[in-house]
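Numbering (the working numbering), first residue to last: -13 to 114. Single-structure report; data block below.
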C-alpha cells in the first residue's frame, strides 16, 4: 500500500547533498566575516587615515635670460609652506610663503620647499 501512495522515495541520511557539518562551518564563517565588517565600522579603523600635504610651486625662467628662475607659490591647500632659495653652502638667499608670492633664484642655487613641521625639507629642483 505504501508504494501506491508515495510518488517519491525519500533519500536516506547518507544520500543528502550537504552534510550538517558543512552547513554549520559555512554559517560560522559568514558570522565571523559579518562581525569583522561591523567591528571595523564601529571602531572607526578607516577614519584614522590622514590626508597628504597639498602645496604647489611654479618654477619658470626669468625673462632677462640671465640663467635665473622665478619661483612662485601657486597654492598651499591647508598646510603651511615656505619656499626658499638656498646657495650651495646651505645659506638661505630669499624666501616666500604667501600664495602668489614670488622670488628670483640665482643660477647654482637650490629651491627648497619646507612643509608645516619644519622637520622634513624637500629639494624640489637642484639644477638651476
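A virtual CB, placed ideally from N, CA and C, is assigned to each residue, including glycine.
Note the first and the last residue of the continuous alpha helix (DSSP H) segment covering residue i.
i: residue 81; result: Where residue 81 is concerned, there is no enclosing alpha helix (DSSP H), although the beta strand (DSSP E) it sits in stretches over 78 to 82.
i: residue 28; result: 6 to 29
Tell me, please, which residues DSSP counts as bridged to residue i.
i: residue 55; result: 47, 91
i: residue 70; result: 81, 98
Check for me: the beta strand (DSSP E) holding residue i runs from which residue to which?
i: residue 85; result: Careful: residue 85 lies outside any beta strand (DSSP E) and carries neither H nor E.
Can you give me the C-alpha to C-alpha distance between residue i and residue j, rounded to a whole angstrom?
i: residue 71; j: residue 80; result: 6 Å
i: residue 45; j: residue 88; result: 10 Å
i: residue 18; j: residue 11; result: 11 Å
i: residue 56; j: residue 28; result: 50 Å
i: residue 30; j: residue 92; result: 50 Å
i: residue 7; j: residue 16; result: 14 Å
i: residue 83; j: residue 97; result: 13 Å
i: residue 52; j: residue 26; result: 59 Å
i: residue 22; j: residue 9; result: 20 Å
i: residue 77; j: residue 50; result: 25 Å
i: residue -13; j: residue 20; result: For residue -13, the pLDDT reaches just 48, beneath the cut-off of 50, and the residue's location in the model is therefore unreliable, although a value from the coordinates is still provided. Taking the straight line joining both Cα atoms gives about 51 Å.
i: residue 94; j: residue 24; result: 57 Å
Our contact map puts residue i next to residue j with C-beta atoms below 8 Å; I'd like the distance itself, whole angstroms only.
i: residue 69; j: residue 86; result: Actually they do not touch by this definition, with Cβ atoms about 12 Å apart.
i: residue 90; j: residue 48; result: 6 Å
i: residue 99; j: residue 43; result: 6 Å
Quick check: is any heavy atom of the ligand GTP less than 6 Å from the C-beta of residue i?
i: residue 82; result: Absence of the ligand GTP is noted for the structure shown, with no ligands found whatsoever.
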